[in-house]
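Q: First to last, the protein sequences are chains U and S. Last residue of the first sequence? That's 267 in the numbering used here, and every number before it is there in order. Last residue of the second sequence? That's 534 in the numbering used here, and every number before it is there in order. Just so you know, even glycine gets a beta-carbon here, dropped at the ideal spot from N, CA and C.
Protein chains: 2
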Amino acid sequence: MDKEGLVRRIVEKQSFLCVGLDPDPDKMPPSFNGDVLAFNRSVIDATRDYCVAYKPNTAFYEALGIDGMLILQETIAYIGKDHFVIADAKRGDIGNTSRYYARFAFDTLGADAITVAPYMGADSVGPFLDYPGKWAIVLALTSNSGSADFQHTVQEGDNVPLYAKVMRRVAEWGDPDRLMFVCGATQAEKFAELRDLCPDHFFLVPGIGVQGGDLAAVCRYGMNPSCGLLVNSSRGILYAEDPGAAARGLQRQMQEAMKKFCPELSR
Amino acid sequence: MDKEGLVRRIVEKQSFLCVGLDPDPDKMPPSFNGDVLAFNRSVIDATRDYCVAYKPNTAFYEALGIDGMLILQETIAYIGKDHFVIADAKRGDIGNTSRYYARFAFDTLGADAITVAPYMGADSVGPFLDYPGKWAIVLALTSNSGSADFQHTVQEGDNVPLYAKVMRRVAEWGDPDRLMFVCGATQAEKFAELRDLCPDHFFLVPGIGVQGGDLAAVCRYGMNPSCGLLVNSSRGILYAEDPGAAARGLQRQMQEAMKKFCPELSR
């Protein structure tokens with residue numbers, strides 16, 4: 001799915017919700033009897049009208065062994081072509097090797113995008129950006145406590161923190177039609193700065209809900225004229241008593257935010 | 268395999284060679300007819316006397332789809348318990364999620380160690396270090412050209428480059444019995460400094476051979492009294508006319524290096 005297709009769906013749904021499909025057999029309702037694919041399908045059926053994207057995190061499927069990879073493939077096939085699918089895999093290796101990860105995410109899984117770790121630099125990110133019609137979503141400022149360890153350290157010479165250096169540098173490698181950044185909602189106070197760094201790129205925003213991110217602040221400072229945000233909720237929807245209602249609730253908050261901060265896409 | 272077991276095998280084999288099992292069906296000899304598992308088995312049979320470790324890179328298996336995961340599992344089973352097995356996966360996610368990757372590498376695959384990307388910090392690395400009897404091998408200074416983009420940037424305040432900050436900080440989270448660092452051989456001139464930063468930790472050293480690293484320099488500056496190095500060769504062995512001879516050649520160079528720089532383990 002290209003950027004135009006993504007923005008069109010955001011306008012149609014009045015939502016920029018991404019549902020994280022991170023199924024934990026221990027937390028699934030007992031009625032599913034541990035059937036992860038059936039659980040995913042029920043969540044997708046309940047939420048597809050309220051979201052524009054799904055983000056399965058590959059870790060949860062790999063932990064299920066070989067079957068998990070099949071479940072992941074079938075889950076993505078079940079989502080279909082009308083939603084943007086992000087393989088949340090946080091991959092990255094030397095260029096020769098990243099090409100194989102790209103093949104996995106885009107050909108084997110059929111995802112539209114993959115999340116990528118930037119530590120290994122240009123040749124590790126390039127193969128994801130060079131894949132025709134697909135997206136790389138590069139970690140910038142993540143939502144976890146460990147983001148403080150390295151991402152905030154100020155770089156001498158540039159006088160900017162590492163996350164800002166990553167955004168500036170990586171933005172030189174890919175335009176907003178195929179590159180996004182991961183910017184965690186738990187750092188909502190940073191969104192004005194993040195938006196200044198990359199005015200035109202979409203941000204994938206995890207950390208709403210269980211992790212405590214502030215949706216209103218993220219929207220106020222993070223939206224741009226193309227919306228510019230995909231806000232993810234995983235556990236807050238998956239393990240809600242009614243996942244559809246949880247997604248609808250977030251969709252309504254997003255619709256309000258679009259009215260305020262992104263009126264040209266609002267209706 | 269614990270550190271004592273690893274060092275014992277290094278002494279027995281007079282080798283600290285790690286063979287990278289990164290099979291590319293397009294480069295395999297035609298006699299294998301694209302059968303990756305048969306190819307891996309033949310490489311393992313030819314090299315197991317000369318190496319102490321194998322390092323399959325998960326990207327090459329994921330690119331083969333579902334079958335690839337089965338081939339990876341069977342390859343690791345075929346290696347057996349007498350070699351140290353590294354799942355070169357470069358994973359890392361929020362703590363809740365890294366736990367699932369650990370389960371994948373250690374339970375599903377049966378690896379002794381997994382390579383880990385440090386960008387997301389402590390909670391992303393911790394679940395690999397906390398796994399009983401297993402190892403995390405954290406990216407410090409990698410062998411690819413993109414390592415220049417972020418790893419070398421000097422951190423204000425600390426006045427050290429990012430890779431040094433990573434090594435110092437991560438070494439606080441895990442002792443040399445369960446933590447190693449990836450330090451690329453293509454940066455051989457840095458090994459004295461890297462060894463100063465972490466005197467006791469093992470370094471996994473890719474980049475020998477095709478990538479141009481200098482084995483002698485790495486040994487001179489990188490060895491410690493426990494050897495302290497696992498030097499990896501992938502393409503230089505896999506696609507050699509005679510993989511066994513290629514591995515034996517490297518083993519002999521390593522034996523010489525041990526005599527010079529690590530005589531207490533030499534024989």
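Count the CB pairs spanning the region 177-191 of chain U and the region 219-227 of chain U that are closer than 8 angstroms, and state whether there are at least three.
A: Output reads yes: the region 219-227 of chain U touches the region 177-191 of chain U.
Q: Which residues in chain U sit within 9 angstroms of S/V421, going by Cβ to Cβ distance?
A: The contacting residues are Q155, E156, G157.
Q: From the DSSP output, in three-state form, read off S/Q518 for me.
A: Note: S/Q518 maps to helix in three-state DSSP.
Q: Quick check on the DSSP output: what are the complete beta strand (DSSP E) runs of length 3 or more inside the region 11-44 of chain U, in order along the chain?
A: DSSP runs (the beta strand (DSSP E)) wholly in the region 11-44 of chain U: 17-21.
Q: Given a cut-off of 8 angstroms on the beta-carbon distance, is the pair U/V36 and U/L64 in contact?
A: Contact flag set, yes.
Q: How about U/Y61 and U/R248: do their beta carbons lie closer than 8 angstroms?
A: Contact: no.
Q: Mapping DSSP to helix, strand and coil, what is S/R534?
A: Correct three-state label for S/R534: coil.
Q: Quick one: which residues of the region 123-136 of chain U get their C-beta closer than 7 angstroms to a C-beta of chain S? List them in chain order.
A: If the cut-off is 7 angstroms between Cβ atoms, the region 123-136 of chain U has D123, S124 near chain S.
Q: Do you know offhand how far U/E264's Cα is from U/Y101's?
A: Computed Cα separation, rounded: 38 angstroms.
Q: Based on the DSSP secondary-structure assignment, which residues constitute the bridge partners of U/L179?
A: For U/L179, which the question treats as bridged, DSSP gives the partners U/A136.
Q: Evaluate contact between the region 250-264 of chain U and the region 294-308 of chain S, counting only Cβ atoms and requiring at least three cross-stretch pairs below 8 angstroms.
A: Short answer: they don't touch.
Q: Name, please, each residue of chain U whose Cβ falls closer than 7 angstroms to the Cβ of S/P385.
A: Result: Y119, F150.
Q: What residues from chain S crowd round U/T97, counting only those whose CB sits closer than 8 angstroms?
A: Near U/T97 (Cβ distances below 8 angstroms), the residues of chain S are D289, N324, A326, F327.
Q: Give the interface partners of S/I333 over in chain U, defined as CB-CB distance under 9 angstroms, in chain order.
A: Neighbours of S/I333 on chain U, chain order: I66, M69, L70, Q73, T108.
Q: Which of the three DSSP states is assigned to S/L464 in this structure?
A: Of the three classes helix, strand and coil, the one that applies to S/L464 here is helix, per DSSP.
Q: In the region 490-511 of chain S, which residues sit with their C-beta less than 8 angstroms from some C-beta in chain U, listed in chain order?
A: Within the region 490-511 of chain S, no residue qualifies.
Q: If we define contact as Cβ-Cβ less than 8 angstroms, is U/G34 a contact residue for chain S?
A: No - not a single Cβ of chain S is within 8 angstroms of the one on U/G34.
Q: Less than 8 angstroms between the C-beta atoms of U/H83 and U/R41, yes or no?
A: Going by C-beta atoms, U/H83 is not nearer than 8 angstroms to U/R41.
Q: Report the CB separation of U/L141 from U/P118 in whole angstroms; it is logged as a contact under 8 angstroms.
A: About 11 angstroms; that fails the 8 angstroms criterion.
Q: Using three-state DSSP, classify S/I346 as helix, strand or coil.
A: The answer is helix: DSSP assigns S/I346 an H, G or I state.
Q: Between U/S147 and chain S, is any beta-carbon pair separated by less than 8 angstroms?
A: Closer than 8 angstroms to some Cβ of chain S, the Cβ of U/S147 qualifies, so yes.
Q: For the candidate residues S/I381, S/S391, S/A389, whose alpha-carbon lies nearest to that of S/M268?
A: Residue S/I381 is the option with its Cα nearest to S/M268.
Q: Give a yes or no on whether the C-beta atoms belonging to U/L21 and U/T75 are separated by under 8 angstroms.
A: For U/L21 and U/T75, yes; Cβs fall inside 8 angstroms.
Q: Go ahead and label S/A344 buried or exposed: buried means 16 or more other beta carbons lie within 10 angstroms of its beta carbon, across all protein chains shown.
A: Exposed, because fewer than 16 other Cβ atoms sit within 10 Å of the Cβ of S/A344.
Q: Please state the DSSP three-state secondary structure of U/R103.
A: Three-state result, U/R103: helix.
Q: Taking 8 angstroms as the CB-CB limit, is U/I94 close to chain S?
A: True, the Cβ-Cβ gap to chain S drops below 8 angstroms.
Q: Three-state secondary structure (DSSP) at U/A67?
A: Reading off the sequence shown, one finds Asp at residue 67 of chain U, where the question assumed Ala. U/D67: helix per DSSP, three-state reduction.
Q: Is it buried or exposed, S/N499, if we count other Cβ atoms within 10 angstroms and call 16 or more buried?
A: Buried, since its Cβ has 16 or more Cβ neighbours within 10 Å.
Q: Spell out the partners DSSP gives U/S233 in its beta bridges.
A: DSSP, once it has assigned bridges, lists U/V19 as partnering U/S233.
Q: Determine, using beta carbons only, whether S/A326 and U/D93 come nearer to each other than 8 angstroms.
A: Yes. Within cutoff.
Q: So which residues of chain S does U/A63 contact, with C-beta pairs closer than 9 angstroms?
A: In chain order: R366, Y367, Y368, A369, R370, F371, D374, T375.
Q: Going by DSSP, what residue range makes up the beta strand (DSSP E) through S/T382?
A: Residues 380-383.
Q: Who does U/Y54 pair with in a DSSP beta bridge?
A: DSSP output for U/Y54 lists U/V19, U/V85 as bridge partner(s).
Q: Find the nearest neighbour of U/T153 within the set S/K401, S/E439, S/M387, judged by alpha-carbon distance.
A: Here the closest residue by C-alpha is S/M387.
Q: So for S/L376, helix, strand or coil by DSSP?
A: If DSSP states are grouped into helix, strand and coil, S/L376 belongs with coil.
Q: Exposed or buried, which one is U/P56 when buried takes at least 16 other CB atoms within 10 Å?
A: Classification of U/P56: buried, given that the 10 Å Cβ count is 16 or more.
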